[in-house]
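Letter by letter, the sequence shown follows residues 0 to 562 in numbering that gives the first Met the number 0. Yeah, the Cβ is synthetic: ideal placement off N, Cα and C, and Gly gets one too. Please read these numbers as outputs of a predicted model, since none were measured by experiment.
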Amino acid sequence: MRVTCLPPLIGLLLMPPTAPASPAATEDAKTFVAAHEAKMRPLDVKAGLAWWNANTTGKDEDYKLKEEVQNQIDLALSDKATFAKLKALKEAADKGEIDDAVTARGIVVLYLMYLEKQLDPELMKQITAKANAVEKKFNVYRAKVDGKELADSQVREALKKSTDSKRRQAVWEASKGVGADVAADLKELVTLRNKAAVALGFKNFHAMSLYLNEQNGEELIKLFDELDTLTKEPFLTAKAEFDAKLAKNSEVAVKDLMPWHYHDPFFQESPAVFDANLDAPFAKADILKLCQDFYKGIGLPIDDVIARSDLYEKKGKSPHAFCTDIDREGDVRVLANIVPNEYWMGTMLHELGHSVYSSKNIPKSVPYVVRGEAHILTTEGVAMQFERFSKSLKWLGEMGVKVENPAAFAVAAEKVRKNQLLIFSRWCQVMLRFEKAMYENPEQDLNKLWWDMVEKYQGLTRPAGRNAPDYASKIHVVSAPVYYHNYMMGQLFASQVHHAVARDVYKGADPNTVTYVNEPKVGEFMKKKVFEPGRTLDWRGLTKFATGSDLSAKAFAADFSSK
Ligand SMILES: [Zn+2]
C-alpha cells in the first residue's frame, strides 16, 4: 500500500538550543524550503499520477514514465551542493537558530529525505543489482517434492489441508529451499548495505535505516521487550488452543507438533482451525455503501475519494489495494478490487482510513513539505484502527448488516482477530531482532540465531539437527529490509488512539464497546488530534499529542485481556 509520497520521516531528538535564533538562518531555511517545493512539487504530482496510471492500466509506458520521473526526483535529491546547504541548515535547526518551529521541522524532514540519496552511487548500483538478482531467484524458485514442482499456492494449500505429517514436512522443507539458493547473495547484499551506511557515518545499515525513519534500535528493543512481556501469556494461551486442533488434524501429540504443522511457512498467520464463516454476512452486503455510510456518520465523508477511485477488478490492473495522495491538495484515491467478503470489508475500511488521514483533512495552512502523515506507522495505525471493525458483531449490527448466527460469528471473529494480532506480534519480534543482529554482525551463525528467535518468540520447536539458512527464505529480509516493525508499531498506535477515543469522546467507555457508528465527535477527535498536525510533529510527538502518552504496548495488550 502506497500511502506516502515522501520517504517516511524523521525526527531525531533535537539538540537543546545552544544559540539564539538567527533571523538570517530562518530566512535561509524558508528560502531553501520554497526552492525545494518549487522544483519538486510538480515532479511529485507527476510521479503520483504516473504511478496511479501504471497500476490501474498495467501499461508499460505508464511504468516507464513513473520510473523516469522517479529518476529525476532521485537525481535532484542526491545533488551534493544542495545537500551541503541543507546540512548546514539542519545543524542550525538542531541548535535552535531557526526561529520558526514549522520551518525548522521542514528542514529536518527534508534533511532525512536528501540524506538517504547521498549514498555512494557506485555502491547503490551494486546493491540494486544484487537485490534484483536475489529477487529473481525468489521469483523462479519452485519448491520441489518427490521430483514435482509446486507453485506457491500449492505449498499453502498443502500446509492448510494435508493431514499427513510426512507430506507436510516435505513441503515445508522444500519451501525453505530458496534460502540455501540465496544465502550467499544475501550475505553480500548485507555487506554492501553496511558498507554504504558506514560511508555515511552510521554503525551499520540497520542503524541508518532507523535513523532515516526517526527511530533508533535501543528504543525499539525496549518497546518490543515491553510488547513481549505483555503478549507472551495471551499468545501461549491462544497457541495451546489451536495447537490442540492442529495436533488432532495431523494425528500427532501436541508435544510432537513441528513448524510444518502450522498453516503457512513462517507461522505468521492464524491457522484456519476454527469453524467460522466470517464471509457469510458480507456475501450480500454492499461494502462500498457501508464504508460511505460509516465514514459519513463519523464526520469524515469520503464520497469525493470514491468518485476518483478505481475499486473493482479489471484486466491489467494491480490485484492489490492502496491509497495515494496525488497532489497534497485533496486529490486522494484508492485502488482496490472489491469482492463481497470479510477480507475486502476490512481492506476497504483500512484504505479509506488512509484516505481520511491525508491532505483531505490536513489544512492547507500546513506547508507542503510537512503536509502528510506524521510517519508511516501513524497512517498504518489509523488504517488498522478502522479496519478492525469488520470483525466486530456490534459494528455490523449498528451498520445494519444481517448476521445469520450472531453468537457463532461473535466467538469466531473475536478469536480470529485476537489470534491474528498475537501471532503477528510474535512474528514481528523475530523479524526485528533477527535483522538487527544480522546487520550488527553478519559473520555470526545466522542459521542458529534465526531458530533461537523462532523458538523464543513464536514457541516453535526447532527441527532436530536442522542447520539451514531458513531466514533467507523470507523475501522481506531481502526486499523490504528494516520495515516490519512499523506494522507492529502501527498496531500499537491503533490501539492507543482507539483507547483515547473511548476515554475522551465516549467519556471513559470500555474500548471493546466503542464502534464509532454515527458519532461525528470521533471524526472531530481524529482531525484535531491526529490528522491536522500533519508532519509538523514527528511520530513520538503526535502519539503524545493525540493520546497523552508515549507509544507503548499497554493499550494493545489490554485488547487481549478484556475478554
Ligand atoms: Zn495500509
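What's the call for Lys-89, buried or exposed, on a 16-neighbour Cβ count within 10 Å?
-> Against the sequence shown, residue 89 aligns to sequence position 90. The residue in question, Lys-89, is buried, as its Cβ has 16 or more Cβ neighbours within 10 Å.
For Glu-379, is the beta carbon positioned less than 7 angstroms from some heavy atom of ligand 1?
-> Counting from 1 along the sequence shown, the entry for residue 379 is found at position 380. True, at least one ligand heavy atom lies under 7 angstroms from that Cβ.
How is Glu-454 classed by DSSP in three states: helix, strand or coil?
-> As a first step, residue 454 must be located in the sequence shown, where it is residue number 455. In the structure shown, Glu-454 sits in a helix (DSSP, three-state: H, G or I).
Ala-20 versus Asp-27 - alpha carbon distance = In the sequence shown, the residue the question calls residue 20 occupies position 21. In the sequence shown, the residue the question calls residue 27 occupies position 28. Cα-Cα distance, rounded: 12 angstroms.
Spatial distance of Val-144 from Phe-433 (CA atoms) | Numbered from its first residue, the sequence shown carries residue 144 at position 145. Numbered from its first residue, the sequence shown carries residue 433 at position 434. Approximately 29 angstroms between the Cα atoms of the pair.
Compute every distance between the C-beta of Ala-382 and the non-hydrogen atoms of ligand 1, then say whether any falls below 7 angstroms.
-> In the sequence shown, residue 382 corresponds to position 383, counting from 1. Taking 7 angstroms as the cut-off, one finds at least one heavy atom of ligand 1 near enough to the beta carbon of Ala-382.
Proximity below 8 angstroms, CB of Asp-469 to CB of Lys-175 = Walking along the sequence shown from the start, residue 469 turns up at place 470. Walking along the sequence shown from the start, residue 175 turns up at place 176. For Asp-469 and Lys-175, yes; Cβs fall inside 8 angstroms.
How many Å lie between Leu-199 and Arg-167 at the Cα?
-> On the sequence shown, residue 199 is found 200 positions in, with the first residue counted as 1. On the sequence shown, residue 167 is found 168 positions in, with the first residue counted as 1. Taking the Cα positions, Leu-199 is about 46 angstroms away from Arg-167.
Backbone secondary structure at Glu-442 - three-state DSSP = On the sequence shown, residue 442 is found 443 positions in, with the first residue counted as 1. Glu-442 falls in the coil class under three-state DSSP.
Using CA coordinates, which residue listed in Met-112, Lys-359 and Asp-61 is at the minimum distance from Ile-72?
-> In the sequence shown, counting from the first residue as 1, residue 72 sits at position 73. For Ile-72, the closest C-alpha among the options Met-112, Lys-359 and Asp-61 is that of Met-112.
Please work out which residues of its chain come closer than 8 angstroms, Cβ to Cβ, to Pro-6, disregarding the five sequence neighbours upstream and downstream, and give them in chain order.
-> Numbered from 1 along the sequence shown, position 7 holds the residue referred to as residue 6. Note that Pro-6 scores 30 on pLDDT, short of 50, meaning its location in the model is unreliable; the coordinates nonetheless yield the value given after this. Within the same chain, Pro-6 has close Cβ partners Leu-111, Met-112, Glu-115 and Leu-211.
From this set, Ala-183, Val-181 and Ala-206, which residue's C-alpha is nearest Asn-193's C-alpha?
-> Looking up residue 193 in the sequence shown gives position 194. Taking only the C-alpha atoms, the option nearest Asn-193 is Ala-206.
So who's on the other strand from Cys-322, going by DSSP bridges?
-> By 1-based counting over the sequence shown, the position of residue 322 is 323. For Cys-322, which the question treats as bridged, DSSP gives the partners Val-333.
Between which two residues does the beta strand (DSSP E) carrying Glu-148 extend?
-> What you label residue 148 is simply residue 149 of the sequence shown in a count that begins at 1. 147-149 is the extent of the beta strand (DSSP E) around Glu-148.
CA nearest to the CA of Lys-202, picked from Asp-285, Ala-436, Ala-552 and Arg-534 = Walking along the sequence shown from the start, residue 202 turns up at place 203. Answer by Cα proximity: Ala-436.
Please name the residue in Leu-118, Asn-215 and Thr-162 whose C-alpha comes closest to that of Lys-79.
-> As a position in the sequence shown, residue 79 is number 80, starting the count at 1. Ranked by how close their Cα comes to the Cα of Lys-79, the residues Leu-118, Asn-215 and Thr-162 have Leu-118 in first place.
How about Gln-428 and Asp-227: do their beta carbons lie closer than 8 angstroms?
-> Counted from its first residue, the sequence shown places residue 428 at position 429. Counted from its first residue, the sequence shown places residue 227 at position 228. It is a contact, given that the beta carbons lie within the stated cut-off.
Span of the alpha helix (DSSP H), counted from its first residue to its last, around Val-107 | Taking the first residue of the sequence shown as 1, we reach residue 107 at position 108. Per DSSP, Val-107 belongs to the alpha helix (DSSP H) from 100-114.
From what residue to what residue does the beta strand (DSSP E) around Val-144 run?
-> The residue you call residue 144 lines up with position 145 of the sequence shown. 142-144 is the span of the beta strand (DSSP E), which, as asked, contains Val-144.
Go ahead and pull the three-state DSSP assignment for Asp-309.
-> By one-based count along the sequence shown, residue 309 stands at place 310. Three-state DSSP puts Asp-309 in a strand.
Would you mind stating whether Thr-127 and Thr-25 have Cβ atoms separated by less than 8 angstroms?
-> Within the sequence shown, the letter at position 128 stands for residue 127. Within the sequence shown, the letter at position 26 stands for residue 25. Not in contact: Thr-127 and Thr-25 (Cβ atoms no closer than 8 angstroms).
Is the beta carbon of Ile-422 sitting closer than 8 angstroms to the one on Glu-250?
-> Residue 422 sits at position 423 when you count from the first residue of the sequence shown. Residue 250 sits at position 251 when you count from the first residue of the sequence shown. Cβ atoms of Ile-422 and Glu-250: not closer than 8 angstroms.
Close beta carbons around Asp-99, own chain, < 6 angstroms, minus the five adjacent residues each side = Against the sequence shown, residue 99 aligns to sequence position 100. Counting only Cβ-Cβ distances below 6 angstroms, and skipping sequence neighbours, we find Thr-25.
Identify which residue in Asp-549, Tyr-367, Leu-536 and Ala-412 has its Cα closest to the Cα of Pro-41.
-> What you label residue 41 is simply residue 42 of the sequence shown in a count that begins at 1. Closest by alpha carbon: Tyr-367.
At what residue ranges does the segment 131-211 contain a whole run of the alpha helix (DSSP H), taking only runs of 4 or more?
-> 151-160, 164-174, 176-198 and 204-211
Using only alpha-carbon positions, find the residue among Ala-501, Ser-77, Met-347 and Ala-306 that is nearest to Phe-281.
-> Here residue 281 corresponds to residue number 282 of the sequence shown, with the count starting at 1. Comparing Cα positions, the closest option is Met-347.
Cβ shell of Val-253 (< 7 angstroms), same chain only, five flanking positions each side left out = To locate residue 253, count along the sequence shown from 1; it is residue 254. Around Val-253: Asp-242, Ala-243 and Ala-246.
How should Asp-324 be labelled, buried or exposed, when 16 other C-beta atoms within 10 angstroms of its C-beta is the threshold for buried?
-> The residue labelled residue 324 in the question sits at position 325 within the sequence shown. Asp-324 should be labelled buried.
Which one of Val-133, Pro-300 and Met-39 has the shortest CA to CA distance from Leu-188?
-> In the sequence shown, counting from the first residue as 1, residue 188 sits at position 189. Checked all of Val-133, Pro-300 and Met-39; the closest Cα to Leu-188 is Val-133.
Beta strand (DSSP E) segments (min. 3 residues) lying fully within the segment 325-400 = Entirely contained in the segment 325-400, the beta strand (DSSP E) runs reaching 3 residues are, in chain order, 331-334.
Buried versus exposed call for Lys-129 [16 or more other C-beta atoms within 10 Å across all chains shown] = One-based indexing of the sequence shown puts residue 129 at position 130. With 16 or more Cβ atoms within 10 Å of its Cβ, Lys-129 is classed as buried.
Quick one: what's got a C-beta closer than 7 angstroms to Phe-273's C-beta in the same chain, skipping five residues either side?
-> Mapped onto the sequence shown, residue 273 falls at position 274. The answer, listed in chain order, is Ala-411, Lys-414 and Val-415.
Chain-order list of residues whose beta-carbon lies under 6 angstroms from that of Lys-562 (same chain, five-residue window excluded) | For this step, residue 562 is matched to residue 563 along the sequence shown. Residue placement at Lys-562 is poorly supported in this model, since its pLDDT is 48, which falls under 50; the coordinates are not used for a value here.
Is the beta carbon of Gln-495 sitting closer than 8 angstroms to the one on Thr-542?
-> Reading the sequence shown from its first residue, position 496 is the one you call residue 495. Reading the sequence shown from its first residue, position 543 is the one you call residue 542. Cβ atoms of Gln-495 and Thr-542: closer than 8 angstroms.
Could I get the ranges of all uninterrupted alpha helix (DSSP H) runs contained in the segment 473-553, with 4 residues as the minimum, in chain order?
-> For secondary structure counted as the alpha helix (DSSP H) over 4 or more consecutive residues, the segment 473-553 holds these complete runs in sequence order: 474-478, 483-503, 519-524 and 538-546.
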